[in-house]
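In terms of the numbering used here, the sequence shown opens at residue 161 and continues consecutively. C-beta: ideal position from N, C-alpha, C; glycine also. In this text the structure is predicted, and so the values were computed from the model without any measurement. Input: a single structure, listed below in structure tokens.
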Amino acid sequence: MFFINILVLLEDVSYKLIDSINSKLTISLYVNENYTKTSLEITDFIDDIKNQNQDVEVVYKTKEDILNDIRLKEPDLVKILERSNPLPDTIVLSNIGISEYKKINNLVESRLYLLVNSDKGDDYFANYTTQYKKIEDVTSVLEILKFGLTVIIFIFVGSIAIITYSIIGNFIYYYRDEIYITKLVGGSNVFIYGPFVLQGMIYSFLAFVFNLVLFSILLNNLNLVFGHIYTFSFPNFILFVELVMFMIVGGFSGYFSSKKYLR
Numbered sequence: 161m162f163f164i165n166i167l168v169l170l171e172d173v174s175y176k177l178i179d180s181i182n183s184k185l186t187i188s189l190y191v192n193e194n195y196t197k198t199s200l201e202i203t204d205f206i207d208d209i210k211n212q213n214q215d216v217e218v219v220y221k222t223k224e225d226i227l228n229d230i231r232l233k234e235p236d237l238v239k240i241l242e243r244s245n246p247l248p249d250t251i252v253l254s255n256i257g258i259s260e261y262k263k264i265n266n267l268v269e270s271r272l273y274l275l276v277n278s279d280k281g282d283d284y285f286a287n288y289t290t291q292y293k294k295i296e297d298v299t300s301v302l303e304i305l306k307f308g309l310t311v312i313i314f315i316f317v318g319s320i321a322i323i324t325y326s327i328i329g330n331f332i333y334y335y336r337d338e339i340y341i342t343k344l345v346g347g348s349n350v351f352i353y354g355p356f357v358l359q360g361m362i363y364s365f366l367a368f369v370f371n372l373v374l375f376s377i378l379l380n381n382l383n384l385v386f387g388h389i390y391t392f393s394f395p396n397f398i399l400f401v402e403l404v405m406f407m408i409v410g411g412f413s414g415y416f417s418s419k420k421y422l423r
């Protein structure tokens with residue numbers, strides 16, 4: 161159980177770190193020179209993006225706005241650019257949720273004519289495709305991470321069931337004569353199997369308490385060391401779900417073990 165909690169904690173930390181990095185990412189869409197900020201197609205495009213996800217921030221920057229931004233960072237470079245200002249108008253998207261990138265991509269691909277033309281299409285669109293490819297790689301890694309952690313967690317749950325099953329099986333082996341006598345004198349199934357179901361649940365509960373103590377110590381130590389950088393936390397709801405799930409697993413392990421060894 162302790163290792164399951166560590167895996168869940170790692171998954172939570174991974175997602176929070178990715179979200180933190182993602183909140184700082186932006187997508188830049190270079191606008192075709194035939195369109196401007198007031199073009200109906202552009203305003204409709206921006207409205208569609210906002211309607212699809214109201215959390216996404218959309219900012220239209222003219223070439224003058226971009227030049228001013230560069231002036232603040234690279235004043236020497238501006239002296240060269242401002243003579244002709246080859247920079248295109250740009251639609252900047254930010255605050256995009258991880259799960260929203262694919263929807264945004266589908267919308268952008270349906271309006272490529274706003275971003276490309278026959279002469280400079282590849283140059284205008286290269287920036288967006290590069291960004292989206294990197295973002296897609298990150299989301300793929302997240303999906304693999306989530307699947308891998310889920311598989312490992314189920315393996316640990318299975319191992320807990322097997323361990324409980326074996327412990328109760330050994331207990332039954334050493335006390336099988338007394339149990340058979342109880343069956344011979346008319347002991348009911350509830351009276352025969354019930355104690356082993358209860359035993360499995362008790363084992364799971366004790367293991368959960370032991371795990372909770374160790375894990376609480378670990379969390380406190382992590383927050384003492386890394387609290388100024390990141391606050392580690394674990395939802396109480398997940399702990400409650402774990403307690404219920406492991407007691408059910410323990411109960412079933414006790415039942416199936418007793419059914420096997422008391423035939």
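Under 6 Å Cβ to Cβ from residue i, same chain only, skipping five residues before and after it: list those, please.
i, result
"residue 260", "213"
"residue 295", "261"
"residue 364", "406, 407 and 410"
"residue 404", "none"
"residue 217", "254 and 255"
"residue 388", "none"
"residue 197", "220"
Going by the DSSP bridge assignment, what does residue i pair with across the sheet?
i, result
"residue 384", "Per DSSP, none; premise fails for residue 384."
"residue 251", "189 and 220"
Just confirm the distance between the C-beta atoms of residue i and residue j, as a whole number of angstroms; I'd bet it's less than 8 Å.
i, j, result
"residue 206", "residue 251", "7 Å"
"residue 325", "residue 413", "4 Å"
"residue 274", "residue 201", "6 Å"
"residue 227", "residue 247", "6 Å"
"residue 258", "residue 299", "6 Å"
"residue 392", "residue 169", "7 Å"
"residue 174", "residue 382", "Actually they are not in contact, since the Cβ atoms of residue 174 and residue 382 sit about 15 Å apart, beyond 8 Å."
"residue 264", "residue 209", "7 Å"
"residue 222", "residue 249", "5 Å"
"residue 394", "residue 379", "6 Å"
"residue 309", "residue 171", "5 Å"
Keeping to the same chain, check which residues put their C-beta closer than 7 Å to that of residue i; ignore five residues upstream and five downstream.
i, result
"residue 312", "167"
"residue 316", "163 and 164"
"residue 321", "409 and 413"
"residue 281", "Because residue 281 sits at a pLDDT of 45, beneath the cut-off of 50, its placement in the model cannot be relied upon, and the point is left open."
Once you ignore the five residues that flank residue i on each side, which residues in its own chain have a CB closer than 8 Å to its CB?
i, result
"residue 372", "399"
"residue 415", "353, 356, 357 and 360"
"residue 386", "392"
Whole alpha helix (DSSP H) elements within the stretch 190-222, 4-residue minimum
200-212
Mind pulling the alpha helix (DSSP H) runs of 4 or more residues that sit fully within the stretch 353-423?
Runs found: 396-421.
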